[in-house]
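Line order of the protein sequences matches chains A and B.
Note that the numbering used here numbers the first sequence so that position 252 is 252, with each residue one more than the last.
Note that the numbering used here numbers the second sequence so that position 409 is 1409, with each residue one more than the last.
Below: the structure, in structure tokens.
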Amino acid sequence: MGMTKDLLKKNTMLIALIAAMVLFQVLILLNNKGSLFAPTNITNLISQNSYVVILATGMLLCILTGGNIDLSVGSGVALVSAVAGLLAVNMKVNSYLVILICLVLGVAMGAAQAYWIAYMRIPPFIVTLAGMLTFRGVAWLILQGKTISPFPADFTRLFNSYLPGGSAKAITPTVSVIVAVAICAIMILLEVFSRAQKKRKGYETDKVAFVAVRVVLVCAAVLFVFYLLGQDKGIPVVLILLAAVVLAYRYYTENTVPGRHLYAMGGNEKATRLSGINTDHTLFFAYTNMGLLVAVAALVCVSRFNSAAPSAGNNYELDAIGACFIGGASAYGGVGTVGGAAIGAVFMGVLNNGMSILGIDQNWQRTVKGLVLLAAVVFDVVSKKRKQSA
Amino acid sequence: MNNSLLRMEGIVKEFPGVRALDDVNLEVTEGEIHALVGENGAGKSTLMNVLSGLFPYGDYQGKIIYDGEECRFSNIKDSEKKGIVIIHQELALIPHMTVAENMFLGNERGVAARIDWDETHKKADELMKAVGLNESSRSLIKDISVGKQQMVEIAKALAKNVRLLILDEPTASLNEDDSQKLLALLLEFKSQGITSILISHKLSEVEQVADHITILRDGSTIETLTKDKDEISESRIVKGMVGREIGDRFPKRDSRVGDVSLEVKNWTVYHPLYEGRKVCDNVNIKIHYGEVVGVSGLMGSGRTELAMSIFGRSYGTGISGELYINGKSVNLRSVKEAIDNKVAYVTEDRKGNGLILSNPFRVNTTLASLGKVSNRGAIDRDLERKVSNEYRDKLRVKCTGIEQDVGLLSGGNQQKVLLSKWMFAEPDVLLLDEPTRGIDVGAKYEIYSIINELVAQNKSILMISSEMPEILGMCDRIYVMYEGRVISELQKGEASQEIIMSKILQSAKGA
């Protein structure tokens, strides 16, 4: 009994996401507007929300350090996009070189802000507000208010194409399923392997039945999504990128020493310092890394829109921050997971997508999103209070 | 004649895992100064928090009868309406506001839509005169001394038409002169019919002004002494507070003192904010392997600052002097270097500086030595769990498991978590700052046993403590500090509470 409760508590957001999906699906079917799970829609859902997942991952690291947010990410996306457009379209620079320059630029932008935040201890809110204005301004200057397009095909293909690709249309469904089966097989093997290793070293292991149910559920979800993708254009390249980002940062935050420092700093910075950890470095890393992911998000965005516009990335910072908090990050820092932030991003995506299919007015969509964000944070605070008084 | 203003009957207050107050009774007569004494963690502050409504009715058991009627306060405002005002040890003033603004905070003159500043300042000046404070009501709080700030707090209480003034350790951070002024003011209030409850560790002050003294020990009332009826002396009060012979509160240990492990020479540290203020002044101390060295002194005597400045310069600026570890001169520029040189500092403020309350036991235990449970930066979670379980068993930490957040544990168990963390770092020298602050007697005994085990493993312990029995019972050698200087070094046999206090008093006179 206690275990089920614990399980529910740990996966509240995932359950809420599934509930929201089911609710939308029922509403959509009742209104005869198609299906949330239509293959094309799943492809859309992924490509529309890829940038939120990437930015939310970076934002989570910042929030972990003590509820610090980065307001500049939307403008950062615009600036990196502008530079990408300038180089790739106007100056016809090699696509790989453009990507490299953009990533370096992102890191530099992040580091420039991180320096003031971490070593001068200027409140992140102020530094990134300044960054938000500055980056946006420079983006407008570079583009002189105009939109640059189209990008060379070899550039957009890197982020905005589908595997196994256009000419192999006939085998797409089969390949998708094969890839899904391979992923499942790898997950099962890893599970078995780590279990064997734990046993060998004499550590505690989870119950077999419990692990089996978990693995079966995850595999079923993977197979379902890939099957649907196979029915449409195939596996989006951006999905692979997203998986790589989420898995890498999940590992970083959960299993590495500097990752642990992020949580410790957000939990109690003084205690962390007195444990011999240089929290300035931790904070510097979090914001510099945010810059890197801003660049990644910018590359994904220019490829999808096939253009660089000075107004790009508007309000992206709010999507990223919202995703983290909906995904269970604490507004005071020290609590939150990359997986949670990713789920939060998908949750917001499903809200947008579901309401759009239902033909709900844009303004209502905003209102609903705002209320959901508030509800998520209130839920977090209230459940914490209850835990303390118990 | 015996006009009772306040009666607290059978007060019981429980925190998760601890019974902080157990059937406490307190009776305060109108117009008296009633002292409340007891060791740290005896329940004095908790009792006053119950009285002031900080713990609302229903959160505790028992009755509060004030001015003849039973009171059920649900917050501080309720008790203030009745004229009960509490002044906490940590002053609740806002540094960037003026004296007058602070004095009438939450009690503003005029109406809500328009504050009457003329009235505010006039009243503030009057009240300041009443407490003998010679300062402009337009000064900012941050610009006046701590002693004056304390007086502002009292004036603020007067502004609320106080009938019962509760002062929690009002003189803890004051110098002798300011302390005397404050006590004189309490006597002055007494003549005006204001009743005071004084919580203090300074027994000489209690002896000086109190009409009744109620002694608390381990959350229970032990006795109430009456002036002119009972013998009132420091030793009499101490007997009530401690309640038993000192000997059996400390586990026995065979002392086997070895070579010098850590030595500090001519150590001077300046305050990080107040330029030119020496917090440690030319301190010379040394610790041997297998030895427990005590550091005694009043609050603010520079003990914590000394330990922290040694621990990788985590406190102070302009640090000068030499530091030797195993006879070799070292320079510990950061906490990390200190840890690498096998020095550990266990903070007095476990919640603020020691633990990450929102993280589980496991994370807290390994935080200072993540290198030992990781391989090239990747944490081995399984090893981490194993280690945490070992320490949990070794120190007998009462928790539901290593994944329980330490914020939910009792004070004694939190202290053990803090010790686990630093024991796992495997230092040679442990600087323990108030290792038993605010924890119950049983847990204290366990902490002492852990200290003895560490010494048996040939570690060096520097123990800072404000509890003299603990210093006397545990230490092989004692340094006494006063205003940043080491004023005396005593061997176990020659030290006693009286000797330590008289050394401090002598220095106070000399200064």
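Positions of the beta carbon are idealized from the N, C-alpha and C atoms, including for glycine.
Next on the checklist: Distance cutoff 7 Å, beta carbons only. Does Ser-1314/B sit that close to anything in chain A?
Outcome noted: If you number the second sequence from 1, residue 1314/B lands on position 314. Closer than 7 Å to some Cβ of chain A, the Cβ of Ser-1314/B qualifies, so yes.
request  = Find out if the Cβ-Cβ distance for the pair Lys-1398/B, Asn-1413/B is shorter than 7 Å.
outcome  = To locate residue 1398/B, count along the second sequence from 1; it is residue 398. To locate residue 1413/B, count along the second sequence from 1; it is residue 413. Result yes, Cβ atoms of Lys-1398/B and Asn-1413/B sit closer than 7 Å.
task = Tell me, please, whether the region 73 to 83 of chain A touches the region 139 to 153 of chain A by the rule of three or more beta-carbon pairs shorter than 8 Å.
result = Under the Cβ criterion (8 Å, minimum of three pairs), the region 73 to 83 of chain A counts as touching the region 139 to 153 of chain A.
- [ ] Kindly list, in the order they appear in chain A, the residues whose Cβ is closer than 9 Å to that of Lys-1459/B.
- [x] Within the second sequence, the letter at position 459 stands for residue 1459/B. Within chain A, no residue comes near Lys-1459/B; the closest Cβ sits about 18 Å away, beyond 9 Å.
**Reference Val-1028/B; option with closest CA among Leu-1185/B, Thr-1226/B, Glu-1322/B** = Here the question's residue 1028/B lines up with position 28 in the second sequence. Check the Cα spacing between Val-1028/B and each of Leu-1185/B, Thr-1226/B, Glu-1322/B: the tightest is with Thr-1226/B.
**Asked** According to the neighbour-count rule (16 or more other Cβ atoms, all chains shown, within 10 Å of its Cβ), is Tyr-1270/B buried or exposed?
**Response** For the purposes of this step, residue 1270/B is taken as the residue at position 270 of the second sequence. Answer is buried; the Cβ neighbour count reaches 16.
inquiry  = Using only the alpha-carbon positions, how far apart do Ile-1450/B and Leu-1185/B sit?
reply    = Along the second sequence, one-based indexing puts residue 1450/B at 450. Along the second sequence, one-based indexing puts residue 1185/B at 185. Near 45 Å, if we compare the C-alpha coordinates of Leu-1185/B and Ile-1450/B.
Next item on the list: Indicate, with yes or no, if the ligand COA has a heavy atom lying under 6 Å from the CB of Ala-130/A.
Entry: This structure lacks the ligand COA, and indeed carries no ligand of any kind.
Going by DSSP in three states, Glu-1384/B sits in which element: helix, strand or coil? Reading the second sequence from its first residue, position 384 is the one you call residue 1384/B. DSSP places Glu-1384/B in helix when its eight states are reduced to three.
Which partner residues of Arg-1477/B appear in the DSSP bridge assignment?
-> Residue numbering aside, residue 1477/B sits at position 477 when the second sequence is read from its first letter. In DSSP, Arg-1477/B forms a bridge with Val-1293/B, Gln-1491/B.
Is the region 1221 to 1235 of chain B touching the region 1194 to 1210 of chain B in the sense that three or more CB pairs, one from each, lie closer than 8 Å? Because the criterion of three Cβ pairs below 8 Å is met, the region 1194 to 1210 of chain B and the region 1221 to 1235 of chain B touch.
Count the other C-beta atoms from every protein chain shown that fall within 10 angstroms of the C-beta of Lys-1421/B, then say buried if there are 16 or more, exposed otherwise. In the second sequence, the residue the question calls residue 1421/B occupies position 421. Lys-1421/B comes out buried.
Residue from Phe-285/A, Phe-325/A, Ser-275/A, Asn-31/A whose Cα sits closest to the Cα of Val-346/A:
Within the first sequence, residue 346/A is the residue found at index 346, counting from 1. Answer by Cα proximity: Phe-325/A.
Open item on the list: Using CA atoms only, rank isn't needed, just tell me which of Val-238/A, Lys-199/A, Thr-288/A, Val-127/A is closest to Leu-158/A.
Closed with: For this step, residue 158/A is matched to residue 158 along the first sequence. Nearest C-alpha to Leu-158/A: Val-238/A.
Which residues in chain A sit within 7 Å of Thr-1347/B, going by Cβ to Cβ distance? For this step, residue 1347/B is matched to residue 347 along the second sequence. Here the neighbours are Leu-274.
*Run of the beta strand (DSSP E) containing Val-1279/B, from where it starts to where it stops*: Walking along the second sequence from the start, residue 1279/B turns up at place 279. Note, Val-1279/B: beta strand (DSSP E), 1278 to 1288.
query: So Ser-1314/B and Ile-1287/B are in contact, right, with Cβ under 8 Å, and what is the actual spacing, rounded?
result: Here residue 1314/B corresponds to residue number 314 of the second sequence, with the count starting at 1. Here residue 1287/B corresponds to residue number 287 of the second sequence, with the count starting at 1. With 8 Å as the limit, Ser-1314/B and Ile-1287/B do not qualify as a contact, their Cβ atoms being about 18 Å apart.
Discussion item. With the cut-off set at 7 Å, would you say Thr-270/A and Asn-1364/B are in Cβ contact?
Written reply: By 1-based counting over the first sequence, the position of residue 270/A is 270. By 1-based counting over the second sequence, the position of residue 1364/B is 364. A small fix is needed here, since residue 270/A is Lys in this sequence, not Thr. No. Outside cutoff.
Considering Arg-1512/B, what are the terminal residues of the alpha helix (DSSP H) in which it resides?
A query on residue 1512/B cannot be resolved here, the shown segment of chain B reaching from 1001 to 1511 and no further.
Legend entry - C-alpha distance - Leu-17/A paired with Asn-11/A, whole-angstrom precision: Taking the first sequence and counting its residues from 1, the one referred to as residue 17/A is at position 17. Taking the first sequence and counting its residues from 1, the one referred to as residue 11/A is at position 11. Taking the straight line joining both Cα atoms gives about 10 Å.
ask   = Where do the N-terminal and C-terminal ends of the beta strand (DSSP E) with Ser-1220/B fall, by residue?
value = Within the second sequence, numbered from 1, the residue matching residue 1220/B stands at position 220. Per DSSP, Ser-1220/B belongs to the beta strand (DSSP E) from 1220 to 1226.
**Prompt:** Since Ala-1035/B is in the beta strand (DSSP E), which residue starts that stretch and which ends it?
**Reply:** Position 35 of the second sequence, counted from the start, is the residue given in the question as residue 1035/B. Where Ala-1035/B is concerned, the enclosing beta strand (DSSP E) stretches over 1033 to 1037.
Neighbour list for Asp-1177/B in chain A, Cβ cutoff strictly below 7 Å: One-based indexing of the second sequence puts residue 1177/B at position 177. Neighbours of Asp-1177/B in chain A, taken as residues whose beta carbon is under 7 Å from its own, are absent, since the nearest beta carbon is some 33 Å off.
Between the Cα of Gly-1010/B and the Cα atoms of Arg-1019/B, Ser-1004/B, Leu-1026/B, Asn-1003/B, which residue gives the shortest distance? Your numbering for residue 1010/B matches position 10 in the second sequence. The residue among Arg-1019/B, Ser-1004/B, Leu-1026/B, Asn-1003/B with its C-alpha nearest the C-alpha of Gly-1010/B is Leu-1026/B.
Interface partners of Ala-1378/B on chain A, CB under 9 Å: On the second sequence, position 378 is the one that residue 1378/B refers to. Residues of chain A passing the Cβ test: Tyr-251, Asn-255, Thr-256, Val-257.
List, from N- to C-terminal side, the alpha helix (DSSP H) runs of 4 residues or more that fit wholly inside the region 125 to 198 of chain A. If we require 4 residues or more, the alpha helix (DSSP H) runs fully inside the region 125 to 198 of chain A come out as 153 to 159.
- prompt: Which residues in the same chain as Leu-274/A place their Cβ atom closer than 7 Å to its Cβ, once the five residues preceding and following it in sequence are excluded?
  reply: Within the first sequence, numbered from 1, the residue matching residue 274/A stands at position 274. Nothing listed; no residue qualifies.
Look at the Cβ atom of Asn-41/A, then the Cβ atom of Gly-349/A, and state whether they are nearer than 7 Å.
Within the first sequence, residue 41/A is the residue found at index 41, counting from 1. Within the first sequence, residue 349/A is the residue found at index 349, counting from 1. Contact check for Asn-41/A against Gly-349/A fails: the beta carbons are separated by 7 Å or more.
Practice problem: Give a yes or no on whether 7 Å exceeds the smallest Cβ distance from Gly-334/A to chain B. | Solution: Locating residue 334/A in the first sequence gives position 334, where the first residue counts as 1. It does; some Cβ of chain B falls within 7 Å.
Open item on the list: Classify Gln-1457/B: buried if its beta carbon has 16 or more other beta carbons within 10 angstroms, exposed otherwise.
Closed with: Taking the second sequence and counting its residues from 1, the one referred to as residue 1457/B is at position 457. By the neighbour-count rule (16 or more Cβ atoms within 10 Å), Gln-1457/B is not buried but exposed.
Problem set entry | Counterpart residues of His-1212/B in DSSP-defined beta bridges | Translated into positions along the second sequence, residue 1212/B becomes position 212. By DSSP's assignment, His-1212/B forms a beta bridge with His-1034/B, Thr-1226/B.
Open item on the list: Can you confirm whether Gly-339/A, when its beta carbon is compared against all beta carbons of chain B, has any partner nearer than 7 Å?
Closed with: Locating residue 339/A in the first sequence gives position 339, where the first residue counts as 1. By the rule that beta-carbons nearer than 7 Å mark a contact, Gly-339/A does not touch chain B.
Would Val-107/A pass as a contact of Gly-291/A if the rule is Cβ separation under 7 Å? Mapped onto the first sequence, residue 107/A falls at position 107. Mapped onto the first sequence, residue 291/A falls at position 291. Contact flag set, yes.
Asn-278/A and Ala-1378/B - do their beta-carbons sit closer together than 7 Å? Along the second sequence, one-based indexing puts residue 1378/B at 378. Along the first sequence, one-based indexing puts residue 278/A at 278. Ala-1378/B places its beta carbon 7 Å or farther from that of Asn-278/A.
### Message
Is there a Cβ of chain E sitting closer than 7 Å to that of Ser-1358/B, yes or no?
### Response
Protein chains in the displayed structure are A and B, and chain E is not among them.
| request: Select from Glu-1434/B, Glu-1390/B, Val-1343/B the residue whose C-alpha is nearest the C-alpha of Ala-1368/B. | output: Taking the second sequence and counting its residues from 1, one reaches residue 1368/B at position 368. Of the candidates Glu-1434/B, Glu-1390/B, Val-1343/B, the residue whose Cα lies closest to the Cα of Ala-1368/B is Val-1343/B.
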